[in-house]
Structures are given as structure tokens and as C-alpha cells.
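Asker:
There are 2 protein chains.
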Amino acid sequence: MARAESVFALSNGHVGLRANLDEGEPHGLPGTYLNGVFELRPLPYGEGGYGYPESSQSVINVTNGKIIRLLVDDEPFDLRYGELRSHRRSLDFRDGLLRREAEWTSPAGRTVKVRSTRLVSLTQRAVAAVEYEVEAVDGPVRIVLQSELVANEQLPGGAGGDPRAAAVLEAPLIAEAHHALNSKAVLVHRTRFSGIRVAAGMDHIIEGPEGFESTVESHEDQGRVSVTTVLRPGERLKVVKFIAYGWSATRSLPAVRDQVEAALTAARYTGWDGLVAEQSSYLKDFWDSSDIEIDGDVELQQAVRFAIFHVLQAGARSEERAIPAKGLTGPGYDGHSFWDTETFVLPVLTYCLPGAVNQALRWRHTTLPLARERAGQLGLAGAVFPWRTIRGEECSGYWPAGTAAFHIGADIASAVVRYVRATGDVAFEKEYGLELLVETARMWRSLGHHDAEGQFRIEGVTGPDEYSAVADNNVFTNLMAQSNLRNAAEAATRHQPEAAALGVDTEEMAAWRDAAGAMFIPYDEKLGVHPQADGFTDHQFWDFEGTPPEKYPLLLHFPYFDLYRKQVVKQADLVLAMQLRGDAFTDEQKARNFAYYERLTVRDSSLSACTQAVIAAEVGQLDLAYDYTAEAAMMDLHDLGGNTRDGLHMASLAGACIALVAGFGGLRDHNGTLAFRPRLPSGLRRLTFSMQIRKCLLEVRITHAGTTYTLRRGEALPLTHEGEDLVVRAGTPVTRPIVKPPAQERCGQPPGREPARRQPHAGVAGGGKVGSAPDHLAAE
Amino acid sequence: MARAESVFALSNGHVGLRANLDEGEPHGLPGTYLNGVFELRPLPYGEGGYGYPESSQSVINVTNGKIIRLLVDDEPFDLRYGELRSHRRSLDFRDGLLRREAEWTSPAGRTVKVRSTRLVSLTQRAVAAVEYEVEAVDGPVRIVLQSELVANEQLPGGAGGDPRAAAVLEAPLIAEAHHALNSKAVLVHRTRFSGIRVAAGMDHIIEGPEGFESTVESHEDQGRVSVTTVLRPGERLKVVKFIAYGWSATRSLPAVRDQVEAALTAARYTGWDGLVAEQSSYLKDFWDSSDIEIDGDVELQQAVRFAIFHVLQAGARSEERAIPAKGLTGPGYDGHSFWDTETFVLPVLTYCLPGAVNQALRWRHTTLPLARERAGQLGLAGAVFPWRTIRGEECSGYWPAGTAAFHIGADIASAVVRYVRATGDVAFEKEYGLELLVETARMWRSLGHHDAEGQFRIEGVTGPDEYSAVADNNVFTNLMAQSNLRNAAEAATRHQPEAAALGVDTEEMAAWRDAAGAMFIPYDEKLGVHPQADGFTDHQFWDFEGTPPEKYPLLLHFPYFDLYRKQVVKQADLVLAMQLRGDAFTDEQKARNFAYYERLTVRDSSLSACTQAVIAAEVGQLDLAYDYTAEAAMMDLHDLGGNTRDGLHMASLAGACIALVAGFGGLRDHNGTLAFRPRLPSGLRRLTFSMQIRKCLLEVRITHAGTTYTLRRGEALPLTHEGEDLVVRAGTPVTRPIVKPPAQERCGQPPGREPARRQPHAGVAGGGKVGSAPDHLAAE
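Chains as they are written, first to last, in my numbering: chain A, 3 to 782; chain B, 3 to 782.
Shown next, in the form of C-alpha cells:
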């Protein structure tokens, strides 16, 4: 049940509603989340230390506006009692509506049909709405509908000792005001420690047989509109419920309350049909430029659209707030944002919803004062961004896997550079991007040092792989820092007055370039592979043969000390470096490194399969790439991590898109030019995707015969295909043949950790356009 | 005040009393400690992990039996009020008595003299006693004495954020029983979570002018004997108070209570004079074989005797319980024992009180079931001893500086081997020592692994230096593990039936020998020094010039991440390896290594100066060795760490003895033979010390002219002097000249961290025998 609540969750990046049933119970995990609304909780330490964060931030379940309870002749409509004759929910990615149909016979023998449709508006960011209809099948039957706002809902407790599960915060909201009038109620609360004021409101349009009655009331933690009537067979009672939220840490009670009232007024004015039409129109535009089409595997096709839809929901309206690792679909990871956002989610949004990337990076920019303060505390120059946070403060309670993961700075810088290159948004670069690049470059320059031979080293840091920590010269980190330093120098050269205003002079720029040029990248000559970090390839191999399946994920069954000191990899690290800094490796090195790390990588993280797919495709292991692509795409639909209940894995969903576009499409954007090396696994017949780049919309259509580049918008776009420079012009598609990579023996993985071999679900022929395939998801 | 309470603390290793004033207040930190009495407290984690200990153990302040309050004409005797005409406390190392004399005029103008003498018996381990006398100077004056037992004393709060300060536990004792009769009272309590029953009792002998009256009463948390009389000028009221403690986690209430009653009965039978005589006799024997005499520096002479006395107090009667880092002198480090015991305290006790070493190692042996369980949890064979503990469970809440410090196992093994070689105690070796060696060797064999070249590596561990953590091939650890493996194989060869009973076969012994033979010891060829661990010498240097004095100790002002990744050393690590495994280094390497690490070592730990003294002496920097020796010896007398208030630094006190004997005496005991290379700094004229070794008592007398070896007990003892084999025989002292080491330039230390240059306090000529020097310590 909790898994379905995550899978069917609706969000616009501002407001998120888990797919809890309208009637509230039974539930897996009730959840209504507002981006940026959190509570502080103390971070305890058995043994404290200088610079340890004193408190963390946890997303909270705010006032629930989804609830519409139904009484049938005074018996509550509850799936656990009576007889459920049919029940179906579906989420349509074309219109963004979550539909539900049920036919239920009460314990007393009365049968009703219930239909509800729910949306979280992509066009009116504070608004959600529900159309709820009950119809009497036999009758006459007395119906009571109670549409509610409920604050401080009781939550199921207990995280079972899994450090990844969110802390459950009980009753975090303190009532400040409530009122009710006609069909409307508003509750205002405030969080106890973080001091965030939250207002929730609802208004209703009720249609039913002559003579229905409605009442309204409000209390501190509850608002309720009750509607009652008697329905004869075939008669219906329909309620449209508009829900709105407003919140602020600074604005006054009347201001926040009025903001909610205004949103309700606008929503009511737009009406249910209007909201539905806006939603459809928004999504039509989105899908037109962002769909990824697959021929040959309908299940994968559905999964990829599921992924794109949820990435959109997470980022569409986050607007100067963070995009959390779980979006607004669940309380997992305490609602924190990590490097996932910049490394997995933003690369996808950059080419389909660039405005969202602009907003997400501007959020990072707003946190610069906190990041500078943190750098100062750590004895570094520039800015140190938090490993995990909601508002911007470091919230990690374990520094070897938090503070030490300095690569977050380079990940942000990389996202800035990608966005600016893809959009040509010079205004953004001048006002926000440059400062992010400069402050992260300053951090790297002060974190590293030159050794006696003049090599620039970065020591005591943690790379992406969480089964290693605090090592010297992590290749991923050093390569990403190298780009960061170079890109900062280049941006400062482009925008000299703005750079000067940030205190950058030519000496500082030279120091960045020199450090980048002298960056030390360890290499194991004996094995002919790059160690993930200094000494890694000398370490003992993990005893994979002696590790039974039930001992995964390893972090729940083995101590960090043992994981850290052995050759075992949780998630792509060196392999991710080969994707994001592919220009720093030869093809031979890529093949050897990939084979070496494949047999060490256990994929206990959802941030791995997609990257392995990309490099598997590059080194020519297309079937393996296909398997990993499917794994990334199915992470939540098949609950592969066993924790979809806590929310969806946004980075893995975005990663499924990356696996297709960067893996089979072979897209790389290292140097400001789009470079493609397309290739298809035997299981797929066609892959088509589109990309927004500057003023153009490029469509790439890959079949086993060849690749066709078509400009659907714009005049001309330069790109490379297999290293050949091309310019694609409006009206003149360019087709090039597929270059088959040399056949390679399939790499081995740790025993029991091989990805499932993909059996294409091609029973239904063709994938095709949005609309022709089974786009809905059905459950229960 | 709190510092003086630590410095004048009395203990026998079983019961410890801080030198709180008889009248209870004012106090710095009230403290009565019983070895092994602790309370459990949860260990919280911001982010938990597999294998993290769930609770810690904290020493608690038990029922205070020291209190004797005095009322003078109904005004309480309190140093803060009235006029203190004189006040003097002294601790005599010859008889182990803490004496106090005060003359005080009450606010109302009455003057009294107070004399008290306190002891914690070295011969009756459960017993302490006080002789308390008040004399009227003017008068007549009405006197009330209240002799008390007080449980759950209020403690001053707040550790000020220093992670090293002990957690303060409030009211840890739950009352179980109390009774009072005649001059005697007994209270029985139980700790809430650890379930330890603690009984405290007192009995009294009262002498005073005809007609004094006494009453007795008891309550849950208090026992009180009140004595009242009127004293005319010159008249005295004297109370002898016998105090006894008993405790157990398993024995019944009557059993523990009766144990205390029995101890009181025995003490009363022995009487005050008897207890004093026993104490003197015990200490006469001890000093006769254990004194270290110095000519030329009376302050250092006093400090060294202070050190020896407190090491004796910590270890004398610990008897199958741990010797904590602070002894029983304060709550610092939560009362935990660390590797300090085996590495610093036991080497001293081995040659002066070997029975205490036997007991301390048997305590470790009793914890083997816990250590085996911990090894299993960590995926290792054999036994993993806790980094910090009271009862035997791991109590470290920060694994990189706790669990990862595996060298504790080798430190214990090394102490076993030293004890067996020094005493020839084969019975101990068979019954206890062998198993400790075997289980630690098994741990090392499973912790390390062979690389492709066949070298045996130990990765991801933490050495002694706490400003580095979780590194590969820490030289200290690898060398100590090498000895551990070899010594286990040798002991198993000597005791084959016993080894077989532990499951050791010839294959396992061979595996230990092979691993020891193949042990990898990193060496930096370019610099010609040993890196503390792999990669250490490549790291950035700490910015010592940019670190002002108020930023020390560094751990309170800089994050671990920054300390760990730079070349900065908290305490001797590689330098300690050169002491304990001096056989693994050439003289040239020692000199180069010492110079290299000197400029990196900030001595933020009290476990450093003594080791630096030893190696400074070995490489010929005798004045520097002298400075470090004085620093180690003065650690608590001059409160160099600023935390003597929390208890004395036993390891530094023991270290002062090591600095003299292993530094200037040049003693090494690597291979079963005592080897000496004596040398004296110019500031000292003579150094004489004695050592018990097997059945012999060896005296070593070093002057600038030469060294004389005299056998004061036993028939013949082989040893080496500057590499020359000698046999010293009864009645035939052997004298050899001093070999002056080649003059060396004094090494540099980090700016501001140089040891104070020793200005010899030789104003009073001669040091000489116990008794001729000012052995008492006076304060206030």
C-alpha cells in the first residue's frame, strides 16, 4: 500500500500529495509535503567533535487536505470492511490526473460507486483539487461526505533501525488560527523549532439532488465540510474540492492566510474543468519536446515515461527551493537534497525543462552565505555546500560520508556549466553561475595542495562510492575538481567585470588553471587500471563468494570499517568519472576500468545501474547496458530497493533517461558540443528522443540501420556523430549509419549481484507516441 | 580546588577517594569511585551504523563516606566564611597518608584547630579510614561533629562541550536498604541500568572529654553519626572513622551488606594505628625495590615519586578489574580503560609490582568472551578488545578513533609477553597469556591479507596518533601485529598441549609466522623516512605558522576531516613504534624519522612527551629528552593539559618513569633480555633505579662517569650494556663507562609547541633516598 502511495504520488515540486486513499484509511504512510517545510531535530553524538552539525532538518507531513470521508447509511466507506466489488486507480501521464473507481457494498448491503480524480496543478503551484462523486447503485441510501483538513495526523512509527529511513516526527504543528465559512475552511499552524508558518485551506463546489445539506466547522487541528443527502439508485452526489497551501518563515499570519485564500479564489474561478484543461495543455507541451520513445519493449517504454513524469513533478515548480532525493513523494532521507539533484536530475531537466534547472541552481545560489560560513568553519576558502540539507545547512550526522564528500561542490559547478552551455543563458551565468563556479573553485584550491613534484593532490575526501570514505586522490573528485577549476577560470575570463566584483583577479584565475593542469590522477601501472583512490587496488577483495544474498545491502550487515578497507563498491564512482569526464580516459582504459569495477560493484545504491548502463554501452556491452537501463527504470515500479514506500528514487528515475540518452544515444556534453555515438541493444528496434538546446529542438531517432538527426525547432545546430562534425539544419534531417562497437565478452559482477537479464516485454507490438501505449499505471 | 582534589587523591585501585575536604564543601568535584561500578548510558548517533555500540559505561560517584562536618557553636566550619588562620595539606609517599591541619576562627570569633589524616588501605582493600581531631583554642566552645554517608551527592554540571570530559550522571543510585546502630551505619543501593549493588558502611571510635554524646541515624541516601560536646581551650575531640565498601552485580543484598560489615569489623579490630602501620610497612617494601632516585633536580625527583606513588595507587589492588586511564582519581574519560594501561602503566608495574600486572591481564582475560563476540560482529576471527571500556564492552561512540584502533590487541599481547619474560610466570602464560596471544594473533591474521606480491597488509586501521585515522599499513600497528603473531606462534610452540586445547594446530602457527615474516612496512625512499601509514608523507603539512596558541588542542578548534588529511601528529605513533619495536629500525632511520616527526608532533595528548623523551635520548638529543621527561612528570602537578581536575593522567605519570628508565637508562626489552644504553643529560648528576626481574632485584646506578649494575637480590642476571653481554652476579657489581652518543642538532618542533626548556631545580643539593627529600606535596 505504501509503495503504491509513492508510485501514484502527485506533485508539482511545490506541493506533493502521496496517493493516500480519499477516505484517509487504510494507509501505508500518510503524506502531504510542502517544499521547504521542515522541522529541526537535534543531531546527537556519542562522541562529539568540532564542526559537527548540531541539528538536522526533517521534512514533515503537513495538514492533510486530501481527505474526503464517505458514510453510507452511517457505515464508513472502508476497503477493509464490506465487499469491494471493484477498485482501480490509474495515473495518466498525458493529463496528470490520478483517477480512481470503486464499487463497494457496505456490511449492511448497500452498494455505491465512487469515482474520484485528483490533481496537483502544474499551472497554479499552490493548488491541488479533487473531483469526488458517489453514486447509489441500489438504494435509496443516506450519504454523508466529510471533506476535511487534518493537521498533526498520527503516523505509523518505527524505522526498524535502518539509518536511511526518515525520523518520524510526531505532531510537529502548533495551531495558530482557524476559521470556517460556507464551504470553506482555513487552518494556520507553525512549526515548533524551525518557525515556519503553514496555512492550508479548502473550498468546495457541491452538486447533488435537490435538498442536500452542507455544514462547515473548524477546530485547531481540523476543518470539516459535511454534505448529506439521500441518493436513489443512479443518483449522484459530486464534490469538487479545491485545496491550497501557503507557507513562510518570515511572513505574518494574515499574509500567509490571505495567500491561501487568494489561491482558493483563483482555483475556484478557474474551476475543475479549467484546472484539468491547464494541466493537459502544460503536459502536452512538455511531452511534445521531452518524450523518449522505445520500440520493442513496452514495459520499458512505460517505465521510462513514468520516470520522466516523476522527474517533471519533482522539478516543475520547485522555484528556488531544493529538489529532494525523493521529490515530494515520501519522507525518505528526511526529505533531504543531495548531489543526486545536480548529477542525475538536472542533466535530464537541462534538455527538457531548462527553466527548472535555472530555478534549482538559483536555490543553491541563495544558500551561498551558509556555504561560505561552513567553509570558514572547516578552514577552507570559498563555499562548502552541504552533503544533505533542506534549507542549506549541513544536516549530515556522520562526517566521513557527509562533510568529506566535497565533490558536491564540483557537481553543482558541473550542472551550472551544462545549463549555461545548453541554454546560452548568459544573464544567469553572470548573476548566479559565475559566483557558484568561483566559490567552488576557491574551495578546491584551498582543499588541495601541491606536492614536492608539483602535482596537485586532494586528500582525505570521500567520493561517490559510500563503501569507501576519506581517501586520497579519489579519481572522480580530482577530475570533477579539475573541470570546476578550469570552468571557473573560463567563466571569469568571459565575464571579467562580474568576476572582479567577486574579488577574482588574474592571479587567482591562474592559480585555478595551474592547479587544474597539475591535478594528480592515480593510475595502477601493474594492473593497468585507475584505482578509485590512492591505494584502492592494493586493498583486500571483499569476500563476495562468502556473502549470501540476505546480507545485502551490505551496510546493514557489516561495519563501515570493514567495507571501507576492502575492494567493494556500493555505486559507480570511477565508472561515473568515466561518464562525466570521459575525455580524461582512453577507450582502452574505459574498457579495462569498467571490467575491473564491474566485479566489485554491488549496486547497494540506486545511483549506480544507470551509470553502469552508460559505460557498458560505451565499451560495447549493449545487452548489459540494456539490463542496467531496465533496472534503473524499474527501481520503483518493481521496488528493487525495498524502500519505495518512503518515496521514489528521483535520481534513479532520471538515471533511466540518462541510460537511454547517454548510454544508447551515446550523448556526451563535455566540451560545449553535443557528441553522439548511438548504438542499440538487440532487444530494441528504435529509440527516439528530443532535446532542447539553445533555441533548437533536436530529435534523435536511432534504429539498427542508422541515426537520423532532425531539427524540429531552430535554424541550425552543430553536433558530432562518432567524432564527425555535423550541422543539422531546419528541414534537412541528417542520417548516419550506426557504428557497431567491437564485440566484447560480457563483464562479470559479484555473485548474486548480476542485473536481471532483460526479457523484452514486446508482446504488445510497437511503443509509439504518448497515448498509443498503456500509459496509465494500474494497481490494486 | 578540583585540581588539588585529583593530585591528593587516595586509592588502592579498588576504592578511590578524591581529596575533597572532610566537611564536604566547598568542593571542586566530589568523588568516591569503586573499581567496576558504573552506570550504562545510551550512545546516540545522528546516523547509526551496523556494529555501533548501543550504550556506554560511565564511572559514577558512589556513596560518599569521607564527610565529617564540624559545627563550632552552631556555625559550620567552612573555609569560605570566618577567618582561615592556616591551612595545609600534605601527602606523604612513605606512609600513604593525606594529612590536613587547619586553624580557623568562626564568624562569631571562636578559634579551633582541626587535624585530619586519611588513608585508603593498601592491605585491606575495601577499607578507608580518617582520623579527625578538633581542638578548642579559645573557648569554651560547643562542638558538633557529623560523620556521614551521603548517596547521590549533587555534582557540579556541564562539561563545556569538551568531548573528553566525562558525562555527568545525576542520582545514579537507587536505595535498597539502610540501617544504623550505635556508632555504625550502612547504606545499600543499586544502579538503575547496570544493576550493580553497592553497600557503603562506616563505624567510629570516639575520644573526647567526659560527657560527650553521640547519636546515629540512617535514611535512604544518608547515614549520620553525630557527636557533641563542649571543649575548653586545649581540649580535643577525636573521631576515628572506618569506611568500607562492597559491590557486586550478582551477589544478594545480605551478602554485599555483610561483606561491608565484615570489612568494618576487621578494620576496627586492626584499629587506626594498625592500619597506619600496615600502610607504612607495605610502602616501605614497595619503595625499597621501586624508587627512582635523581641527583640534580629536586623538583623532578619529587614529581617522579609522585608519579610512582599514583601508578602504585592505580594498580595495587585492581584485582581482575581494569586500571582506568585516570585511575580512581576522577571521572575523566568516563572512567574508561584504554590501551594506555598495557602500553604505559603495565611496563612500569611489570618491574616493580608484577603481581598487579598479573591481575590486570587476568582482567583482560575475563573479557575474552565479550572480545570474541565483538570480533564475530566485526567479521573477524579471534578477539577484538574494546578501545574504551569499564567492564569489557566497546564503549566508543566514534568508530574511526575507536573500533578502528585495532592495535589495542597487540598492545595487550605485548604486555603479556613482557610480563612473562620478566617474571618467568609459566603458570600464568599457560592459563591466561597463551589464550590472549592466540586470540589476538587470530584477529590479526583475519584482519590483514596478502597482496599479489605476497606482502601482508593491514588496511583501514587507526594507529596511536588520533590526528590520523583509518589509514593503510600504519607502521606502528603492522610492527606490533608482527610481534603479536610471532609471539603467539612461539608461545604455542612452548605450550603445545594448551595450544591444542585452544584449537591451534601447526598450520595455524605457520600462518602466523608467515604473515609476520611477510609484514609490509611502508618506507618513503625519496625522503628516507617511514611514513606513519601509507601515503602519509605525501599529505599537505599542517599550517603550523598560521595556528595561534589558543587554537590548541587542535581537536577542539578544527574538524577531524582537516586533521586527518594533513601531516600533523597528536601523539607519538611512528616514534612509539621506534621505542617498542626498536629492533625494526636502524640507528640512522631512527634519527631521521625522529627529526621528521618532531616537527609535526603537537603533543595535544598526554601520551606523547614520554615517548619523545625515550627516542630523543636514543638518538642523542639528551637535553630535549630531559625537557620531555620533565613535561611528562609535571603533566598533573603543573596541570599542563588543563584537565587535571577530571583526574590524573596515569599513562603520563607512568611515562615519566619510562622516560627515565628507557630514555636515560636506555632500557629495551625486545627479545627477552634486558638491554641498556645509559646516558645522562647535563642537568642530572645521577639516576638510580631498581627492577624486579624473575627472582632478582637489579639496581642500575648511572652517573656521567659510568653505570654500575648491582644485584640486590638473586644470584645472577644476564643483560646487555651498549650491546655487550654481561652477567651481573650477587655481591659483584659491574661498572661500565657511559658511551656518549654523537652530538646532534636539536630537533625543531611546531612553532609554539616546543617543550619548556628544563631549568634544573637543584637549589636543594642532592636527591637521595626516600625521606631525605621533600616528599610531601603541599597545597593551599
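Each residue gets a CB set at the ideal place from its N, CA and C atoms; glycine is no exception. No experiment lies behind these values; they were computed from the predicted model shown.
Once the 5 residues before and after residue 168 of chain B are set aside, which same chain residues still bring their CB inside 6 Å of it?
Answerer: For residue 168 of chain B, the predicted model reports a pLDDT of 43, less than 50, meaning its position is unreliable; a value from the coordinates is still stated below. 333, 334, 336.
Asker: What is the DSSP secondary structure of residue 41 of chain B, counted as helix, strand or coil?
Answerer: strand
Asker: From what residue to what residue does the alpha helix (DSSP H) around residue 656 of chain A run?
Answerer: 652-660
Asker: Do the segment 686-694 of chain B and the segment 702-712 of chain B make contact, defined as three or more Cβ pairs closer than 8 Å?
Answerer: yes
Asker: For a test of the three-state rule: what should DSSP assign to residue 190 of chain A, helix, strand or coil?
Answerer: Correct three-state label for residue 190 of chain A: strand.
Asker: Quick one, which of A:91, A:452, A:543 has its alpha-carbon nearest residue 600 of chain A's?
Answerer: A:543
Asker: Among residues of its own chain, excluding the 5 on either side of residue 263 of chain B, which ones have a beta-carbon nearer than 7 Å to its beta-carbon?
Answerer: 188, 203
Asker: Please list the terminal residues of the continuous alpha helix (DSSP H) segment that includes residue 714 of chain A.
Answerer: Element bounds for residue 714 of chain A: not the alpha helix (DSSP H) but the beta strand (DSSP E), 708-715.
Asker: Does residue 67 of chain B pass the burial test, meaning 16 or more other C-beta atoms within 10 Å, or should it be called exposed?
Answerer: Classification of residue 67 of chain B: buried, given that the 10 Å Cβ count is 16 or more.
Asker: Please confirm whether residue 406 of chain B has its beta-carbon closer than 8 Å to some beta-carbon of chain A.
Answerer: yes
Asker: Residue 58 of chain A versus chain B: which residues are under 7 Å apart at the beta carbon?
Answerer: 48
Asker: Cβ closer than 8 Å: which chain A residues qualify as neighbours of residue 52 of chain B?
Answerer: What residue 52 of chain B touches in chain A: 557, 558, 559, 560, 561, 562.
Asker: Below 8 Å between beta carbons: does that hold for residue 101 of chain B and residue 12 of chain B?
Answerer: no
Asker: If we ignore side chains and look at the alpha-carbon of each, how far apart do residue 268 of chain B and residue 244 of chain B end up?
Answerer: When rounded, the distance between both Cα atoms is 10 Å.
Asker: Straight-line CA distance for residue 164 of chain A to residue 286 of chain A?
Answerer: Low confidence applies here, because residue 164 of chain A scores a pLDDT of 40, under 50, leaving its location unreliable; read the following figure in that light. Those two C-alpha atoms are separated by around 41 Å.
Asker: Just the Cα atoms here: how many angstroms apart are residue 162 of chain B and residue 56 of chain A?
Answerer: Its pLDDT being 42, under 50, residue 162 of chain B is placed unreliably in this model, and the coordinates cannot settle the point.
Asker: Between the segment 503-510 of chain A and the segment 435-450 of chain A, are three or more C-beta pairs nearer than 8 Å?
Answerer: yes
Asker: Helix or strand or just coil, what does DSSP make of residue 558 of chain A?
Answerer: Note: residue 558 of chain A maps to helix in three-state DSSP.
Asker: Quick one, which residues of the segment 467-482 of chain B are near chain C if we go by CB-CB under 8 Å, in chain order?
Answerer: No chain C appears in the structure shown, which is made up of the protein chains A and B.
Asker: Using a Cβ-Cβ cut-off of 8 Å, state whether residue 672 of chain B counts as contacting chain A.
Answerer: no
Asker: Where do the N-terminal and C-terminal ends of the beta strand (DSSP E) with residue 698 of chain A fall, by residue?
Answerer: 698-705
Asker: Rank B:745, B:692, B:615 by C-alpha distance to the C-alpha of residue 292 of chain B and give the top, closest one.
Answerer: B:692
Asker: Mind listing, in chain order, the continuous beta strand (DSSP E) runs of no fewer than 3 residues lying wholly within the segment 97-144 of chain A?
Answerer: 99-107, 113-122, 129-138
Asker: Could you name the residues of the same chain whose beta carbon sits closer than 8 Å to that of residue 569 of chain B, not counting the 5 residues immediately before and after it, in chain order?
Answerer: 538, 539, 541, 542, 543, 544, 602
Asker: Report yes or no: is there a C-beta of chain A within less than 8 Å of the C-beta of residue 402 of chain B?
Answerer: yes
Asker: Does the Cβ-Cβ distance between residue 190 of chain B and residue 179 of chain B come in under 8 Å?
Answerer: yes
Asker: To the nearest angstrom, how far is it from the Cα of residue 166 of chain A to the Cα of residue 338 of chain A?
Answerer: In this prediction, residue 166 of chain A scores a pLDDT of 38, lower than 50, which makes its location untrustworthy; the coordinate-derived value is nonetheless stated afterwards. Computed Cα separation, rounded: 11 Å.
Asker: Sort out for me which residues DSSP pairs residue 542 of chain B with in a bridge.
Answerer: For residue 542 of chain B, which the question treats as bridged, DSSP gives the partners B:568.
Asker: Out of A:518, A:197, A:500, which has the shortest C-alpha to C-alpha gap to residue 457 of chain A?
Answerer: Closest by C-alpha distance to residue 457 of chain A, out of A:518, A:197, A:500, is A:518.
Asker: Does the Cβ of residue 362 of chain B lie closer than 7 Å to at least one heavy atom of the ligand FMN?
Answerer: Here there are no bound small molecules, and the ligand FMN is not part of this structure.
Asker: List the residues of chain B whose Cβ lies closer than 7 Å to the Cβ of residue 567 of chain A, in chain order.
Answerer: When 7 Å is used as the limit between beta carbons, residue 567 of chain A is near these residues of chain B: 461, 462, in chain order.
Asker: With 8 Å set as the bound, which would you pick, yes or no: does the beta-carbon of residue 45 of chain A sit closer than that to a beta-carbon of chain B?
Answerer: yes
Asker: Taking the straight line between their C-alpha atoms, what separation do you get for residue 233 of chain B and residue 142 of chain B?
Answerer: 5 Å
Asker: Should the segment 50-64 of chain A be regarded as contacting the segment 218-234 of chain A, the criterion being three or more beta carbon pairs within less than 8 Å?
Answerer: no
Asker: Over the uninterrupted beta strand (DSSP E) stretch that includes residue 215 of chain B, give me the two end residues.
Answerer: 215-220
Asker: What are the boundary residues of the beta strand (DSSP E) that residue 249 of chain A is part of?
Answerer: 238-250
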